[in-house]
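Engineer:
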Amino acid sequence: MAQQFVNALVFGSVLTLFSLGLSLAWGTLDVLNLAHGALFVFAGYLAYVLTKHGSLPFALTLVVSMAGSGAVAVALELVAFQRIRTRFRVKRQAELSMLVASVGASIVVNTWVSNKTGNQVFAPSENAFHVHVWHAIGLRITNIEVIIVAVTVVVASALDLWVRRSRHGRAVRAVAYDPTTSGLLGVNVNGLAAATMFVSGALAGLAGVLLAVNISGEEVGVGQTYMLTAFAILIVGGVGSIRGAICAAYLIAIAETAVIAYGPASYRDAVAFLLILLVLLVRPQGIFSRGRFLRA
Amino acid sequence: MTTAGISSWFTSNETLIQNILIAALLAFSVQVALRAGIFSLAGVGFYAIGSYAAAILVKHGMVAVLAIAIALAIAGALSYALAWLLVRLRDLYLAMATVAFDLMVGVVALNWTGLTGGSLGLFAIPVAVTTLAMALTVAVVAVLLYLMEHGTIGRALETIREDEELAQSFAVDTRRYRRFAFVVSGMLGALAGAFHSLLFNSITPNDAGFDLIVLALTMVIIGGFGSWVGALAGAILITWLPLKLASVGTWWDAVYGGVMIFAATYIPGGLYGVARDLGRAGQRWRGQRA
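Here the protein sequences come in this chain order: U and Z.
Under the working numbering, the first residue of the first sequence is numbered 1, with each subsequent residue one higher.
Under the working numbering, the first residue of the second sequence is numbered 1001, with each subsequent residue one higher.
1. Compile a chain-ordered list of the residues in the stretch 82-105 of chain U whose CB is closer than 8 Å to at least one CB of chain Z.
2. Determine the extent of the beta strand (DSSP E) in which U/Leu139 is found, giving its start and end residues.
3. Just list the alpha helix (DSSP H) runs in the stretch 1084-1114 of chain Z, keeping only unbroken ones of 4 residues or longer that don't cross its boundaries, in chain order.
4. I want to know whether the stretch 24-35 of chain U touches the stretch 181-199 of chain U - three or more CB-CB distances under 8 Å.
5. Excluding the 5 residues flanking Z/Leu1057 on each side, which residues of the same chain have their C-beta closer than 8 Å to its C-beta?
6. What does a CB cutoff of less than 7 Å around Z/Gly1121 pick up in its chain, not counting 5 residues either side in sequence?
7. Looking at the structure shown, is Z/Leu1122 part of a helix, part of a strand, or coil, going by DSSP?
8. Any beta-carbon of chain Z closer than 9 Å to the one on U/Ile252?
9. Rounded to whole angstroms, what is the Cα-Cα separation between U/Glu77 and Z/Ala1055?
10. As a quick exercise: from U/Thr181, U/Leu161, U/Asn33 and U/Phe11, pick the residue whose alpha carbon is nearest that of U/Leu96.
11. Counting pairs of beta carbons, one from the stretch 248-256 of chain U and one from the stretch 228-239 of chain U, are three or more of them closer than 8 Å?
12. In the DSSP assignment, find the unbroken alpha helix (DSSP H) run with Z/Trp1285 in it and report its ends.
13. Let me confirm a value: Z/Ile1006 is counted as buried when at least 16 other C-beta atoms fall within 10 Å, else exposed. Which label applies?
14. Does the separation of the CB atoms of U/Leu39 and U/Val108 fall below 9 Å?
15. Compile a chain-ordered list of the residues in the stretch 104-134 of chain U whose CB is closer than 9 Å to at least one CB of chain Z.
16. Just to confirm, are U/Pro124 and U/Thr180 a CB contact at a threshold of 9 Å?
17. Return the bridge partner residues of Z/Ala1291 from the DSSP annotation.
18. Ordered along the chain, which non-local residues of its own chain (more than five positions away) have a Cβ less than 8 Å from that of Z/His1196?
19. Z/Leu1082: which of Z/Gly1117, Z/Arg1179 and Z/His1060 sits nearest, CA to CA?
20. For U/Ser13, which residues in the same chain have their Cβ closer than 6 Å to its Cβ, ignoring the five residues on either side in sequence?
21. Cβ closer than 8 Å: which chain A residues qualify as neighbours of Z/Leu1041?
22. For Z/Leu1016, which of helix, strand or coil comes out of DSSP?
23. According to DSSP, simplified to helix, strand and coil, what is U/His132?
24. Should U/Ala245 be flagged as near chain Z, meaning a C-beta pair shorter than 9 Å?
25. Do you know offhand how far Z/Thr1130's Cα is from U/Thr111's?
26. Given that a residue counts as buried once 16 or more other Cβ atoms are within 10 Å of its Cβ, and exposed if not, what is Z/Arg1280?
27. Assign Z/Ile1006 to one of three DSSP states: helix, strand, or coil.
28. Can you give me the C-alpha to C-alpha distance between U/Ala296 and Z/Asp1091, rounded to a whole angstrom?
29. What separation, rounded to the nearest whole angstrom, lies between the Cα atoms of Z/Asn1111 and Z/Ser1169?
30. I'd like to know whether the C-beta of U/Leu22 is nearer than 9 Å to at least one C-beta of chain Z.
31. Tell me, which residues are paired with Z/Ser1202 by DSSP?
32. Nearest-angstrom Cα distance between U/Trp134 and U/Val146?
33. Less than 9 Å between the C-beta atoms of Z/Leu1188 and Z/Val1140, yes or no?
34. Any idea what DSSP makes of U/Phe122, helix, strand or coil?
35. Relative to the C-alpha of U/Leu341, which candidate in U/Gly21, U/Ala71 and U/Arg87 has its C-alpha closest?
36. Does DSSP classify U/Glu218 as helix, strand or coil?
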C-alpha cells in the first residue's frame, strides 16, 4: 500500500512536469501543442546521444537536453505559431491551424528520433547516472525517484511564483487575456511568446530526461501515452491553472496506480479518458478553476 | 484509352481506389463537422464502432447491406447521444473531448475480448462489398453533401460556423443544426469503418487509433474543409502520394509532417481554398478586361 503510494507520487511528479509546459502554452498562447510529447521524447534522445560518447556530468546533460527541446519549441513558434497568430483574424481558425502545425511538428520530430535510434528503446548511459536503491521501512526507493519529486516541487513552485509575481509573469498573463491591448501597452508579444514556448519545451525536456533515467528506456510511443494523460490533467485541473494542473496530475497518478494495483489493469488508459468526459460534463471549467466560464 | 486499357489500369490500381474511397468517407466525416464550426474528431471513434458492428453482424451470416444499415443506425444513435452530452463544448475543448471518446472506444475494443477479439481483432470476415458498390455509395454521399452545402441547410450551417449568436438571432435553431451535423459526421465515419472491415476482411483496435485521427485531420486540412471537394482531394492526395514517394523511404513521414506545418501556416483554406481564390481572381481579371 505504502509502496503504491510512493509509485503514485513519482508518477504524479513526472506527469506534473510534463503537463506544466502544456498548460503554460495553452493557458497563455492558446496553443494546444500536440508536439509536446515529441519534445519530451526528443530530450530523452538528446540525453542518450550526449551520454553515449562523452562523460558529461549528469546535471549538464540535463540542462543541454532541456535547451535542445526548448529550442525546437521556439523554432516551431517562429516558423508556424507566430505567423498564424498575426495573420489569422478568426481565433478559432488560428487555434485549428496551430493544432495541425503542432501535429506536423510532432511527426517530424518523432520520425527523426525513431530513424536515428532504429525504432529501438533508448536510455541515457548508466555511467552518466548511477541509480541507487534504498530499502527502508519496507519501501523500495531509488535516488532518481527522490530527485524527480524534489525537482518537481522546486520547479512547480518556481513556475507558479514566476507567473504570479514576476514582471514577466504578469506580462504573460496580460498577453493571455488580450494580446492586442498588451502589445499596445508596450509588451513585446512575439518575444514573450517565444520565451514562453522555450520554457514550455524545456519543461517537457526535463520530464523526458528524468523519466528516461527512471524507467531506463524510452521510445517514441511513450510521448503519445503521456500526451493523452496530460489532456486529462489539463481538463481536470482547469486550462491555464498551474496549481490545478499540479493537483490534477497527482490525482490522476493515484487513480491510475490504484487501477493498475487493484483493478482491471488493462483499463488503466480508460481512467484518464473517463475523467475527461466526466469533468467536461459536470464542471467544464475544471475542478480547481475558480475563473468564470469563458469557453464559448 | 480502350476498354481493355481502362480495365487493366483499374485492375492494377484497384487497391489504391478502394483505399481512396474509404479515406474519402472518413475525410467527409471530419469535413462535415468542421464546416459547421464543430471541431469534432469523433468520426474516428465511429469508424471503429461501424467497423466492428458490421464485421460482427456479417460474421453471424447477415447480408452486407443490412449489416451496414444496422451499423449506421447504431452509430447514428450513439452520435446523437454524444451530441447531447457535448452540447456545451466548443473549439479545442470539443476536439479534446472527441479525441478522448475515440481513444475510449479503442480501449473498449481492446478489452471486450468476447465481442471484439481483443488486441488480435476480428479476422476472416467475409468480403462483402465490391469496389463498384463503394464508388456508387461515395458518389451518392457526395451528392448529399453537395445538397447540405447549399440551400437553407448550407447557409444555416455556414452562419453557425461564422457567428453562432448571429444565427440564433435569425431564429436558426443552432443546437438542432449542430446535432444534425454531428450525427451526419458520426454516420459517415461508421460507413467508412464498415467498408474497411468488409473489404479488407479484418479489423484490429490499431486500425482506428491515434494515427487515424491524425490522418483524418491531415486529409481535411490539406484538402480544405470549405467543401466536400476539398476533403475528396485531400483523401486522394494523402492516399496516393505516399505510394509515389516510397523512394524517400523512412523519411517520408518527416516530409509529410513538414507539409502539414506548411499547409496549416500558409494555406489555411487547403487546396480547395487555393482553387477558389484562383477562380475568383480569374473572374476579376476577366471582369476588368470586359
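Ideal Cβ placement from N, Cα and C applies to all residues, glycine included.
Structural biologist: With the structure as the only source:
1. Residues passing the 8 Å Cβ filter: Arg83, Ile84, Phe88, Arg92, Gln93, Glu95, Leu96, Ser97, Met98, Leu99, Val100, Ala101, Val103, Gly104 and Ala105.
2. Annotation for U/Leu139: the continuous beta strand (DSSP E) segment containing it runs Leu139 to Thr142.
3. Runs found: 1091-1111.
4. Flag = yes, the stretch 24-35 of chain U and the stretch 181-199 of chain U touch.
5. For Z/Leu1057, same chain residues with a beta-carbon under 8 Å away, outside a window of 5 residues either side, are Leu1066, Ala1067, Ile1070 and Ala1071 in chain order.
6. Ser1202, Ile1203, Thr1204 and Pro1205, listed in sequence order.
7. The three-state reading of DSSP puts Z/Leu1122 in strand, counting E and B together.
8. No, no contact with chain Z.
9. Spanning the alpha carbons of U/Glu77 and Z/Ala1055 requires a straight line of approximately 44 Å.
10. Ranked by Cα distance from U/Leu96, the first of U/Thr181, U/Leu161, U/Asn33 and U/Phe11 is U/Asn33.
11. The stretch 248-256 of chain U vs the stretch 228-239 of chain U: in contact.
12. Here the alpha helix (DSSP H) through Z/Trp1285 covers Gly1270 to Arg1289.
13. Answer is exposed; the Cβ neighbour count stays below 16.
14. Not in contact: U/Leu39 and U/Val108 (Cβ atoms no closer than 9 Å).
15. Per Cβ criterion, the list reads Gly104, Ala105, Ser106, Ile107, Val108, Val109, Asn110, Thr111, Trp112, Ser114 and Asn115.
16. Contact: no.
17. Outside the displayed range of chain Z (1001 to 1290) lies residue 1291 of chain Z, so it cannot be described from this structure.
18. Same-chain partners within the cutoff: Ile1022, Tyr1047, Ser1051, Ile1203 and Asp1207.
19. Among Z/Gly1117, Z/Arg1179 and Z/His1060, the Cα nearest to that of Z/Leu1082 belongs to Z/Arg1179.
20. Around U/Ser13: Ile148, Val149 and Thr152.
21. You won't find chain A in this structure, because its protein chains are U and Z.
22. Three-state result, Z/Leu1016: helix.
23. The answer is coil: DSSP assigns U/His132 none of H, G, I, E or B.
24. It does not: the Cβ of U/Ala245 has no partner Cβ on chain Z nearer than 9 Å.
25. Distance between the alpha carbons of Z/Thr1130 and U/Thr111: 36 Å.
26. Classified as exposed, Z/Arg1280 has fewer than 16 neighbouring CB atoms from the shown chains inside 10 Å of its CB.
27. Helix at Z/Ile1006.
28. Because the pLDDT of U/Ala296 is 33, which lies under 50, any placement of that residue in the model is unreliable, and the number read from its coordinates should be weighed accordingly. Counting only the Cα atoms, Z/Asp1091 lies some 8 Å from U/Ala296.
29. Their Cα atoms are separated by approximately 47 Å.
30. Output row for U/Leu22: interface = no.
31. According to DSSP, Z/Ser1202 bridges with Z/Phe1123.
32. Cα to Cα, U/Trp134 sits roughly 11 Å from U/Val146.
33. Cβ distance not < 9 Å, so Z/Leu1188 and Z/Val1140 don't count as in contact.
34. When secondary structure is reduced to three states using DSSP, U/Phe122 falls in the strand class.
35. For chain U, the structure presents residues 1 to 296; residue 341 of chain U sits outside this window and is missing.
36. Strand.
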